[in-house]
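Residue numbers (our numbering), protein chains in the order written: chain A, 1 to 196; chain B, 197 to 392.
Where a beta carbon is used, it is the ideal one built from N, C-alpha and C, also for glycine.
Treat the numbers as computed from the prediction; the structure is a model and nothing was measured.
Report on the structure given below.
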């Protein structure tokens with residue numbers, strides 16, 4: 001066996017973890033979200049850019065506004081999940097670089113001139129952090145239900161601003177009844193990994 | 197403590213894991229890469245798109261060609277790492293959807309008409325999978341050294357084709373002497389997570 005990670009952790013994070021479509025009523029607390037963040041904040045990003053931002057949609061009024069922007073198939077679970085989070089990329093992440101990447105003081109200036117370069121970096125690195133966040137939700141014993149099906153531009157206008165680009169919406173909670181479909185096939189190793 | 201994941205696994209994957217800049221000579225085997233893939237292939241993507249492709253650069257001749265495309269600061273470690281992988285997004289991922297997402301046979305057609313939509317989906321979901329891959333490298337007891345500093349378009353032309361977009365290059369191996377800098381600060385919870 002080539003893995004060092006213990007089998008229980010493998011199961012919790014990957015092998016038995018599934019995208020949940022239904023949830024129990026058990027609330028997800030701010031303490032749980034903080035514990036998730038305090039674990040996954042260490043996941044690497046380019047130059048420690050750390051552009052991921054998380055908007056927890058807790059008020060019933062905000063939840064209702066969010067549901068309106070989701071695709072039809074995603075509306076019921078977005079309405080029902082114990083907690084819903086909007087994950088977005090901060091395109092002004094470079095403002096934090098003097099603190100986040102202190103051994104290279106020019107880092108902020110490298111990004112100051114070109115918004116498109118910032119958007120590209122923020123999109124890639126916030127996506128890496130979104131994946132770490134999903135892994136972290138599972139590390140807390142919860143199920144994640146990441147969704148890209150919705151009007152992300154509408155969500156931006158409703159909840160964020162021009163400097164933030166939403167990547168996905170994630171339902172979070174304990175899985176409920178019939179929480180998932182049978183697992184779909186994955187590509188074979190040889191279809192994904194080639195050697196030169 | 198709000199996390200279910202055991203402390204050893206938290207340390208292995210996030211708290212003590214670091215981006216390595218130097219490596220020992222110990223080889224990374226295909227069996228290790230296969231074990232990593234067979235764990236992280238289960239990480240979720242939109243509609244199970246699974247667009248990540250991995251090119252292992254094993255021959256000395258290919259390694260030399262790759263090094264030429266890396267930024268100056270990344271050349272020595274790319275030359276020295278036991279294994280180097282190019283992670284890319286397959287923009288023709290929709291061809292696999294009939295197998296990967298069998299309960300929605302129209303999935304492939306949804307993406308057939310619009311290359312730009314495919315590129316956007318592939319970029320996001322391959323980035324999620326790149327993060328799962330980095331976590332998987334750590335799960336194998338190895339260190340990852342992900343790098344975006346280089347001529348990615350040159351790498352595409354050298355190693356891939358028009359249908360693949362490189363996201364990053366990852367050095368893989370056991371950490372060597374002085375493998376990392378002191379860890380840089382992370383953003384506070386309140387700078388990242390807000391509630392509405």
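Item, Value
"Exposure label - residue 228(B); buried when at least 16 CB within 10 Å", "buried"
"Whole-angstrom distance between residue 88(A) and residue 100(A), CA atom to CA atom", "19 angstroms"
"Start and end residues, alpha helix (DSSP H) containing residue 196(A)", "Looking at the DSSP string, residue 196(A) is not in any alpha helix (DSSP H), and its letter there is neither H nor E."
"DSSP three-state assignment for residue 284(B), whether helix, strand or coil", "strand"
"Under 8 angstroms (Cβ pairs) to chain A, residues found in the region 234-262 of chain B", "234, 235, 236, 237, 238, 239, 240, 242, 244, 246, 248, 249, 250, 251, 252, 253, 254, 255, 258"
"C-beta atoms of residue 92(A) and residue 6(A) nearer than 7 angstroms", "no"
"Amino acids of chain C, ordered along the chain, whose beta-carbon sits closer than 7 angstroms to that of residue 141(A)", "Given the protein chain composition of this structure (A and B), no chain C is represented."
"Residue 360(B) in three-state terms, based on DSSP", "strand"
"Cutoff 7 angstroms; reference residue 21(A); Cβ partners in own chain excluding five residues on either side", "77, 145, 179, 180"
"Exposure label - residue 138(A); buried when at least 16 CB within 10 Å", "buried"
"Residue 54(A) - containing beta strand (DSSP E), residue span", "52-57"
"Rounded C-alpha distance that separates residue 60(A) from residue 28(A)", "15 angstroms"
"Within chain A, partners of residue 314(B) - CB distance below 7 angstroms", "Simply none; closest approach about 13 angstroms."
"Within chain A, partners of residue 330(B) - CB distance below 7 angstroms", "44"
"Spatial neighbours of residue 362(B) in its chain, beta-carbon cut-off 6 angstroms, leaving aside the 5 residues before and after", "282, 284, 348, 351, 352"
"Residue-chain proximity (residue 198(A), chain B), Cβ-Cβ < 7 angstroms", "Lying before the first or after the last residue shown, residue 198(A) is absent from chain A, which here runs from 1 to 196."
"Residue 258(B) to residue 196(A) span [Cα, whole Å]", "6 angstroms"
"Straight-line Cα distance separating residue 279(B) from residue 64(A)", "49 angstroms"
"Same chain only: Cβ atoms within 8 angstroms of residue 262(B), ignoring 5 sequence neighbours per side", "253, 274, 280, 282, 351, 354, 355, 365"
"Bridge-paired residues (DSSP) for residue 98(A)", "DSSP output for residue 98(A) lists no bridge partner at all."
"Buried or exposed by the 16-neighbour rule on C-beta atoms within 10 Å, applied to residue 90(A)", "buried"
"Extent of the continuous beta strand (DSSP E) run through residue 342(B)", "339-343"
"Euclidean distance between Cα positions of residue 322(B) and residue 248(B)", "5 angstroms"
"Limits of the unbroken alpha helix (DSSP H) element including residue 423(B)", "In this structure chain B extends from 197 to 392, so residue 423(B) is not present and cannot be described."
"Residue 8(A) CB to nearest heavy atom of the ligand ATP below 6 angstroms", "Here there are no bound small molecules, and the ligand ATP is not part of this structure."
"Beta-carbon proximity of residue 379(B) to residue 220(B), cut-off 7 angstroms", "no"
"Beta-carbon proximity check, residue 74(A) vs residue 176(A), cutoff 7 angstroms", "no"
"Helix, strand or coil at residue 346(B) [DSSP, three-state]", "strand"
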